[in-house]
Every structure is written in structure tokens, then in C-alpha cells.
Amino acid sequence: MSILKIAIQKSGRLNEDSIQILKDCGISINNGNDQLKTTASNFPLEVYYLRNSDIPQYLLDGVVDVAIVGDNLLIEKGQNIVVAEKLGFSKCRVSVAVPKTFNYNSIKDLNGLNVATSYPNTVLNYFKSKGVTVDIHQISGSVEIAPNIGLSDAIVDIVSSGSTLFKNNLKEVEVILKSEAVLAVSPKISKDSEQVLEKLLFRIQSVLRARKSKYILMNVPNDKIQKVSNILPVLKSPTIMPLAEEGWSSLHSVIDEEKFWEVIDQLKLAGAEGILICPIEKIVL
Numbered sequence: 035m036s037i038l039k040i041a042i043q044k045s046g047r048l049n050e051d052s053i054q055i056l057k058d059c060g061i062s063i064n065n066g067n068d069q070l071k072t073t074a075s076n077f078p079l080e081v082y083y084l085r086n087s088d089i090p091q092y093l094l095d096g097v098v099d100v101a102i103v104g105d106n107l108l109i110e111k112g113q114n115i116v117v118a119e120k121l122g123f124s125k126c127r128v129s130v131a132v133p134k135t136f137n138y139n140s141i142k143d144l145n146g147l148n149v150a151t152s153y154p155n156t157v158l159n160y161f162k163s164k165g166v167t168v169d170i171h172q173i174s175g176s177v178e179i180a181p182n183i184g185l186s187d188a189i190v191d192i193v194s195s196g197s198t199l200f201k202n203n204l205k206e207v208e209v210i211l212k213s214e215a216v217l218a219v220s221p222k223i224s225k226d227s228e229q230v231l232e233k234l235l236f237r238i239q240s241v242l243r244a245r246k247s248k249y250i251l252m253n254v255p256n257d258k259i260q261k262v263s264n265i266l267p268v269l270k271s272p273t274i275m276p277l278a279e280e281g282w283s284s285l286h287s288v289i290d291e292e293k294f295w296e297v298i299d300q301l302k303l304a305g306a307e308g309i310l311i312c313p314i315e316k317i318v319l
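Our numbering numbers the first residue of the sequence shown as 35 and each following residue consecutively.
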């Protein structure tokens with residue numbers, strides 16, 4: 035079987051989340067310090083630890099078959115790269131920020147001004163779509179310091195919590211796009227590697243379903259089982275087991291964690307008691 039070559043960020047939060055999802059998929063890899071490449075011991079996977087900004091080009095050149103990367107980077111550098119799966123972690127946004135003292139009313143206020151960013155293509159396309167002309171100062175890192183040293187009037191950078199902007203006396207004024215980690219595929223991937231990718235995707239999708247879902251158990255009077263079952267959004271139908279106490283049953287199901295809070299009051303009013311919520315490791319459909 036062919037070995038699938040996957041690139042992940044060399045360091046940082048995206049690295050940690052990427053390693054974790056591979057481990058959750060049952061793939062054993064050694065992610066020791068200063069490693070540039072390693073091979074999984076129990077799956078045909080070779081992991082490349084690369085600089086984040088270099089990953090799109092490695093995909094385009096076919097050096098790696100797939101990569102876990104922020105889709106904001108693909109928008110900037112990898113327009114011909116297909117996304118096989120959105121992974122739901124490392125969520126952030128690419129935003130415009132200005133000094134707190136800047137009297138900002140609309141994007142038009144930045145017309146003719148200097149903008150520092152690590153995403154020149156994304157920025158130019160955005161401002162062009164708004165009919166605004168700006169001068170771009172491309173910076174590799176620490177973009178948020180640019181207005182403080184007089185290099186730019188505004189910045190466009192990745193924002194997660196906004197704490198870095200706050201520390202540098204900046205305020206977020208526009209969101210250009212929202213981003214998350216994705217599994218991206220090289221346009222040059224071979225047929226043999228595609229077969230391994232299908233196996234990896236199957237595992238990843240099982241893990242992602244489990245992360246969004248919870249196992250729910252509750253005690254329900256037998257004459258209320260149908261009413262409670264109708265409330266639950268389930269995969270197919272709940273599992274029902276009789277309790278030692280006559281007239282009662284234990285109802286088991288899987289529920290979207292977010293939907294649970296929408297229906298909890300309905301479940302209680304319908305007669306459910308002793309409701310337990312448990313994590314799920316994998317869901318295979």
C-alpha cells in the first residue's frame with residue numbers, strides 16, 4: 035500500500051490540534067522536538083512538519099499529498115487546492131484592525147492609507163471589492179506592532195480572542211473572512227495515495243461526528259417513551275431497556291451537544307428523569 039504524505043504546522047496551536055486528531059484516529063506518531071519528518075507505526079502515513087506559510091506550495095508541487103492547514107492560508111496561496119474536510123478546530127478570523135484612537139466609521143476611511151499584513155493577496159482582493167485603494171506593507175510576523183512604530187495606519191491579521199490586538203492598543207473593525215483548519219489535498223496526489231486518503235477520511239469523519247455528539251441516558255415512564263423519543267433528534271431510534279422498577283425504562287440515544295440544551299426542558303416536561311450525558315470517542319456510520 036502507498037504511503038500518504040501529510041504536512042502539518044511545525045509548531046503552535048495548529049500543530050497541537052493536528053497531532054491530536056491523528057491520535058484520535060488511532061494513528062501512532064512520534065512528534066518529538068525538532069523533527070521534520072516521521073512515519074506512523076500503525077498506518078501508512080508519513081508526517082512532514084513544515085512552516086505554515088510553506089504548506090500550500092508543498093501541496094501545489096506534489097511534495098506532500100495532503101495537509102492540515104488553515105483555509106485562510108489556502109485563500110491566500112493555494113487557490114487550486116481542494117478541501118477534503120473541514121476539521122472544526124483552530125477557528126479564527128482575518129480582520130482589519132486600527133489604533134483605538136482612530137475615528138473609524140467605515141472601510142472607506144482607510145482609502146489611500148497604509149495597511150500592514152501577512153496576507154497581501156487576500157487584503158488587496160478585499161479592498162478592491164470595496165472600492166478602496168490601500169498601500170500594502172507585507173510583514174512576515176508581529177503585524178500588530180506596525181501601527182505603533184509608524185509603519186502602517188492599519189493592519190489585517192488573524193484574530194482569535196482579540197487579546198493581542200488589545201495589548202497593542204488596536205481595535206477590530208472589519209472581518210474579512212472566517213477560517214478554520216481543513217484537510218487540503220494536493221492536485222498531484224496519486225491514485226494509490228487517494229486510496230489511503232479515503233481510509234484516513236473515514237477515521238477523521240468518525241472522530242468529528244463524535245466530537246459534536248454526546249451519549250444520552252435517561253429514565254422514562256413506559257407510557258412516556260414515545261413522547262420523549264419524539265423530542266430526541268437521534269441517529270435512528272433510541273435504545274430502550276427495562277428498569278428493575280416496574281413501569282420504567284432506561285432510554286439511550288445519541289444527541290448533538292448543542293441541541294441538547296435546546297430540548298432539555300422539553301425532555302423533563304415529557305417525563306424524563308436522571309438524565310446523564312457522556313462523551314463519545316467515535317461514531318461510525
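Where is the CB? At the ideal position from N, CA and C, for every residue including glycine.
Taking buried to mean at least 16 other C-beta atoms within 10 Å of its own C-beta, is residue i buried or exposed?
| i | result |
| --- | --- |
| I311 | exposed |
| I102 | buried |
| V318 | exposed |
| S163 | exposed |
| D299 | exposed |
With DSSP as the reference, please indicate the residues paired to residue i in a beta bridge.
| i | result |
| --- | --- |
| K212 | R127 |
| S247 | D290 |
| V117 | A218 |
| A188 | V149 |
So, under 8 angstroms CB-CB, residue i and residue j are touching, yes? Tell me the CB distance rounded to an integer number of Å.
| i | j | result |
| --- | --- | --- |
| N86 | L147 | Not quite, the Cβ-Cβ distance comes to about 28 angstroms (not below 8 angstroms), so this is no contact. |
| S283 | M275 | 6 angstroms |
| C126 | S194 | 5 angstroms |
| L144 | I115 | Not a contact, Cβ separation roughly 30 angstroms. |
| A244 | K316 | 5 angstroms |
| I259 | I309 | Not really, about 14 angstroms apart at Cβ, beyond 8 angstroms. |
Can you look up residue i in the DSSP assignment and give me helix, strand or coil?
| i | result |
| --- | --- |
| K57 | helix |
| T72 | strand |
| D257 | helix |
| P320 | Residue 320 is absent from the structure shown; the chain starts at 35 and stops at 319. |
| D99 | coil |
| N148 | strand |
| A304 | coil |
| E279 | coil |
| V193 | strand |
| K39 | strand |
| S240 | helix |
Closest to residue i by CA distance: which of the options is it?
| i | options | result |
| --- | --- | --- |
| I173 | V166, L185, F294 | L185 |
| Q229 | L56, D99, G60 | D99 |
| I289 | A131, I265, K248, I314 | K248 |
| E80 | T273, S176, I89, I37 | I37 |
| V97 | L235, G305, V219, K246 | V219 |
| S140 | V166, K293, S124 | V166 |
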